[in-house]
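Q: The following block contains the structure, expressed as structure tokens.
6 protein chains.
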Amino acid sequence: MKALIVTTDGFEDSELTYPYYRLQEAGLDVALATPAGESVVGKIGEEMDADLAISDASEDEYDLLVVPGGHAPENLRLEAEEAVDLVREFDASDKPIASVCHGAQLLISADVLEGREATGYWSIRVDIENAGATFVDEECVVDDNLITARYPDDLPAWLSAVLERVEAQPAAAD
Amino acid sequence: MKALIVTTDGFEDSELTYPYYRLQEAGLDVALATPAGESVVGKIGEEMDADLAISDASEDEYDLLVVPGGHAPENLRLEAEEAVDLVREFDASDKPIASVCHGAQLLISADVLEGREATGYWSIRVDIENAGATFVDEECVVDDNLITARYPDDLPAWLSAVLERVEAQPAAAD
Amino acid sequence: MKALIVTTDGFEDSELTYPYYRLQEAGLDVALATPAGESVVGKIGEEMDADLAISDASEDEYDLLVVPGGHAPENLRLEAEEAVDLVREFDASDKPIASVCHGAQLLISADVLEGREATGYWSIRVDIENAGATFVDEECVVDDNLITARYPDDLPAWLSAVLERVEAQPAAAD
Amino acid sequence: MKALIVTTDGFEDSELTYPYYRLQEAGLDVALATPAGESVVGKIGEEMDADLAISDASEDEYDLLVVPGGHAPENLRLEAEEAVDLVREFDASDKPIASVCHGAQLLISADVLEGREATGYWSIRVDIENAGATFVDEECVVDDNLITARYPDDLPAWLSAVLERVEAQPAAAD
Amino acid sequence: MKALIVTTDGFEDSELTYPYYRLQEAGLDVALATPAGESVVGKIGEEMDADLAISDASEDEYDLLVVPGGHAPENLRLEAEEAVDLVREFDASDKPIASVCHGAQLLISADVLEGREATGYWSIRVDIENAGATFVDEECVVDDNLITARYPDDLPAWLSAVLERVEAQPAAAD
Amino acid sequence: MKALIVTTDGFEDSELTYPYYRLQEAGLDVALATPAGESVVGKIGEEMDADLAISDASEDEYDLLVVPGGHAPENLRLEAEEAVDLVREFDASDKPIASVCHGAQLLISADVLEGREATGYWSIRVDIENAGATFVDEECVVDDNLITARYPDDLPAWLSAVLERVEAQPAAAD
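Protein chains in written order, with the working numbering: chain P, 38 to 211; chain B, 38 to 211; chain G, 38 to 211; chain V, 38 to 211; chain L, 38 to 211; chain X, 38 to 211.
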């Protein structure tokens, strides 16, 4: 099983480190993709090395896409449109997409929220609704392959739901 | 003539200081409103004292509403819903509303963009469009009382349009 | 099951946030204790609220003691000697003590390393050895109730071992 | 009409951004000159790209010289003596020189204050007086071509006086 | 023997810590005076506790006045005019006054440089000269009771000269 | 006479600057050695240029070894083992070794504390004792060639003892 995390400078620190280590603990291979494969720095200051550039990541090699929050998702909209394409492709393949906090902004850009239930940080609730979703104010909202959460305190419930979904499906490329 | 600027911590520094001093230079009284009337600190670090709390500001006392960008508009969505009400009231009275960059997020929250032309920072273009507006990628977009711009380099064109509109109308309360 | 995390300002950020959220995900109640029950700030900048003062924590109410690293363990040596007492009491009761990185400094202070196998950040290897332990350079070293790791990249192996141990024992106070 | 702003690292942020955008709004071409044409960072943190090196700027191509304050003027004394020469040349040609706050330090270095009225930040009042000027504690002091102000709150009065003077004179090179 | 150091926020760190510890090592009592007796923070970040408020310091109780540089001397001009009075009183009593770097700005304010030889940081050379002094570009300049230096690298020569002078005179109040 | 200071990023600022300037004032040549001869930055932010790489420093060319504290000594344990070798060589030659605060960690690594009296920052007292030393809680502890102190306030007593020892011995290489 392989997970792909897409982010860039300004990520909410624990929203990246938690799934990054947690998915490894669960036995998944975890790859961190950034716009040019460069190291990135979180909103608070955590530095993380990347494994690949976002444009080099193919949906068919991964079983899960993770989108941490912070300022990174808005930055990705401008710095790496391929991140938006990846969201669209994972959704088209019905593979799990896990976003937390502002990570939902990438789902908005990919136009995959129409008619879905989802959550995210409260300050972008109106943007999530304008994208066609029903905003649910719960710690983790699962709508088929979309697994969304609101903020760091939701990390336990979010990862628990993510792993439940991942373990229920066959591995991708291997 | 009186102008009201609404903002909070995280404002884009020059997007607040420029209209703050420029409107004074043009002879307007300028009041800075923050959630509780507290001093605020910009994204880069500029500190500004406030004149009043947002909840104490009445639309009928002002001729112009200014919404600087940065992280402040998203913060206002959670910290001071009265800022959203003010946008709605200024629009209902057909008084000028000038937003720059992420300031457009307050216009989204107030639901005043349906069928209008507007602009804002490129990373929230999809959110502006989902709110029903036609996004125009120009330095300053004027749609009746809505005067919107994209980022600090648009400040000269934006303020020029703002003052043109303000000077064409009768003063509010005086 | 209840876990107690003891730390103070200067903790290594992910070494606190990872067990904090991970143990919750596993269903444990997690309490964060700081010298006076105050909020603390990590080495990088993460802010965490505390649940209680270290002096108010009793070993008999918890099933697990967690000691994150960073500058916090050395600070605890001076700010909260009760943290050292807690390590001694958990060890006397053969309850699991999980330290990572500089967290081992609290085990040195408690004098529980004599004749044990343990690990920690490489820069304090000599101090761990001088305390009587055999330093093992592996991602996670389990010696009965002592579960030690070296640095953030060891978090997955460390938490996996911690949970294995915790789930194998009867709950403490409940 | 063309304006030249001379500064370097440590400029008082709004004392650079305000005239930079305001003069553009008034229709002037604005060029920002730094010691080697490098980008500069303000005292608070604003980053500004430069248009040219100070040593490449000729007085006869500009109609106005602007000297923002902060730590930059003292730095210029050591980093770019040509900035001092420019002040002397603008004064010899009776072209407007607009300084605010510590910007007056460059006027001291150029020895153009003898027998003039001027103002500046209060902490360098004695240095302005020792240079032969009469210090006037007003928001904007105009003595022929010297237009000086004290601190950011004087920006509206200062720019108003600057533009009045600039618009009253024929353009330089065009 | 007693030494008085006068400073405030923004002092050049080593220009305060070096004389502070060095004079103690030489056996002097050292008192640190700040505007209101508050703790102060250096330009780089060193925090120092004060012993008294500047307004509570009497020249007749001390044998030596030390004025570190950085931004502190300019701040003192506005925050604590009594610091300027102290310089004048120490000079009137022919007691040693030791300034380094921008510390000379306090000597300018006290108007004690007329006809004297002195040095200071190069960026204020013109201000020192305009105050009537002959600027000497050497690591330490001694003109009777005035002992001035340019920047941190001059600390050894400066303190050596300061102690030579102090040890040659009878103690003040004791 | 020549002194060698070994340190790296994270040094306690005044614990480096004080001996650095003080030994120069006493007439010694002072060389600052860092892992690769690079400039280093203190815990608070002081920047210092280096004279040589630690691996290029030979004990037989110096009369004194100085080890400032802060985070630097622990960093040196990993970044420059030659620093540990130098401590061992200076001790074997009975040349003075002066450490302050966490500088004692380098003495622990060099295994020179067995049966000696020493001091250091209180938070590493247990580590100093586990290394075989008798911890003495005084401002300066002299045990033959080992001259140790606890923290910045001990700098005067420490340097006084260091110079007394240095001046009592013949010069090294000259």
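C-beta atoms are modelled at their ideal positions from N, C-alpha and C, and glycine is treated no differently.
Grab me the residues of D93 (chain B)'s own chain with a C-beta within less than 8 Å of its C-beta, minus the 5 sequence neighbours each way, in chain order.
A: Answer for D93 (chain B): A70 and G74, listed in chain order.
Q: Pick out the complete beta strand (DSSP E) segments inside the region 79-113 of chain P, 3 residues or longer, and give them in chain order.
A: 101-104, all fully within the region 79-113 of chain P.
Q: Please return the same chain residues whose Cβ sits closer than 8 Å to the Cβ of V121 (chain B), not counting the five positions on each side in sequence.
A: So the qualifying residues of the chain are L113, R114, L143, S146 and A147.
Q: Apart from the five residues just before and just after E154 (chain X), which ones in its own chain have a Cβ nearer than 7 Å to its Cβ?
A: These residues qualify, in order along the chain: A170, T171, V173, V178 and D180.
Q: Check whether the Cβ of A186 (chain X) lies closer than 8 Å to any Cβ atom in chain G.
A: Not an interface residue.
Q: Using CA atoms only, rank isn't needed, just tell me which of L:S130, L:V43 and L:R125 is closest to A208 (chain L).
A: For A208 (chain L), the nearest C-alpha among the options comes from L:S130.
Q: Taking 8 Å as the CB-CB limit, is A168 (chain X) close to chain G?
A: Interface residue, yes.
Q: Check whether the region 188-198 of chain P and the region 43-59 of chain B are in contact - that is, three or more C-beta pairs closer than 8 Å.
A: No, because fewer than three Cβ pairs between the region 188-198 of chain P and the region 43-59 of chain B fall closer than 8 Å, the two stretches do not touch.
Q: Is E151 (chain B) buried or exposed, if buried means 16 or more other CB atoms sit within 10 Å of its CB?
A: Counting Cβ neighbours within 10 Å, E151 (chain B) comes out exposed, since fewer than 16 surround it.
Q: For E62 (chain L), name the three-state secondary structure that DSSP assigns.
A: Three-state result, E62 (chain L): helix.
Q: Looking only at its chain, what residues have a beta carbon closer than 8 Å to the beta carbon of T128 (chain V), apart from the 5 residues adjacent to it on each side?
A: The residue asked about is misnamed: residue 128 (chain V) is Asp in this sequence, not Thr. Excluding residues within five positions, the ones whose Cβ falls inside 8 Å are I134, A147, V149, N182 and L183.
Q: Report the three-state DSSP secondary structure of V179 (chain L) (helix, strand or coil).
A: Strand at V179 (chain L).
Q: Please classify T54 (chain V): does DSSP put it in a helix, a strand, or coil?
A: T54 (chain V) falls in the helix class under three-state DSSP.
Q: Using only the alpha-carbon positions, how far apart do G140 (chain G) and I42 (chain X) sit?
A: Roughly 30 Å separates the two Cα atoms.
Q: P72 (chain L) to D100 (chain X), Cα distance in whole Å?
A: Cα to Cα, the separation comes out at about 43 Å.
Q: Measuring only the C-alpha atoms, how far is D50 (chain G) from I81 (chain G)?
A: Cα-Cα distance, rounded: 6 Å.
Q: Return the chain-ordered list of same chain residues with a C-beta closer than 8 Å to the C-beta of Y158 (chain X), the five sequence neighbours on each side being excluded.
A: Here the set comprises G106, C138, H139, A141, R187 and Y188.
Q: Taking the alpha-carbon positions, what's the E98 (chain V) to A90 (chain V) distance?
A: Using only the alpha carbons, I get a separation of about 14 Å.
Q: For M85 (chain X), I'd like the list of residues in its chain whose CB is within less than 7 Å of its CB, leaving aside the five on either flank, ordered along the chain.
A: Within the same chain, M85 (chain X) has close Cβ partners L53, L69, S76 and V77.
Q: Between T54 (chain X) and chain L, is there a C-beta pair that is closer than 8 Å?
A: Yes - at least one Cβ of chain L is within 8 Å of the one on T54 (chain X).
Q: Thinking E96 (chain B) and E126 (chain B) are a contact (beta carbons under 8 Å), I'd like their distance in whole angstroms, please.
A: Correct: roughly 4 Å between the Cβ atoms.
Q: At the 8 Å Cβ level, is L196 (chain B) part of the contact set with chain V, yes or no?
A: L196 (chain B) counts as touching chain V.
Q: How would you list, in chain order, the residues of chain G whose beta-carbon sits under 9 Å from the beta-carbon of E176 (chain X)?
A: Within chain G, no residue comes near E176 (chain X); the closest Cβ sits about 18 Å away, beyond 9 Å.
Q: Would you kindly report the start and end of the unbroken alpha helix (DSSP H) that includes L41 (chain V)?
A: Looking at the DSSP string, L41 (chain V) is not in any alpha helix (DSSP H); the run it does join, the beta strand (DSSP E), is K39 to V43.
Q: Name the two residues that bound the continuous alpha helix (DSSP H) containing V23 (chain G).
A: Here chain G has residues from 38 to 211 only, and residue 23 (chain G) is not among them.
Q: Answer with yes or no whether the minimum CB distance from E98 (chain P) to chain B is below 8 Å.
A: No - not a single Cβ of chain B is within 8 Å of the one on E98 (chain P).
Q: If you draw a straight line from the C-alpha of A40 (chain G) to the C-alpha of L102 (chain G), how long is it?
A: Answer to the nearest angstrom: the Cα atoms are 6 Å apart.
Q: Looking at the structure shown, is A155 (chain P) part of a helix, part of a strand, or coil, going by DSSP?
A: Residue state, collapsed to three classes: strand.
Q: Can you tell me the Cβ-Cβ gap for C196 (chain B) and E201 (chain V), rounded? I've got them flagged as a contact below 8 Å.
A: For the record, residue 196 (chain B) in the displayed sequence is Leu; it is not Cys. L196 (chain B) to E201 (chain V), Cβ: 18 Å. No contact.
Q: Am I right that D164 (chain X) and D164 (chain G) are in contact with their C-beta atoms under 8 Å? What's the rounded C-beta distance?
A: Yes, D164 (chain X) and D164 (chain G) are in contact; Cβ-Cβ is about 4 Å, under 8 Å.
Q: Is the shortest distance between the beta-carbon of D50 (chain V) and the beta-carbons of chain B less than 8 Å?
A: It does: the Cβ of D50 (chain V) has a partner Cβ on chain B nearer than 8 Å.
Q: Would you please state the rounded distance, in angstroms, between the beta carbons of G79 (chain G) and M38 (chain G)? I believe it to be under 8 Å.
A: With a Cβ gap of about 25 Å, G79 (chain G) and M38 (chain G) do not count as contacting.
Q: For chain V, find out if any of its Cβ atoms is closer than 8 Å to the Cβ of V104 (chain L); answer yes or no.
A: So no, V104 (chain L) is outside the interface.
Q: Start and end of the alpha helix (DSSP H) containing V173 (chain G)?
A: Per DSSP, V173 (chain G) belongs to no alpha helix (DSSP H) and is neither H nor E.
Q: Which class does S130 (chain P) belong to by DSSP, given the choice of helix, strand or coil?
A: Three-state DSSP puts S130 (chain P) in coil, outside helix and strand.
Q: What is the C-beta distance between R59 (chain L) and R59 (chain X), in whole angstroms, given that I count them as a contact (C-beta under 8 Å)?
A: 7 Å between Cβ atoms; contact.
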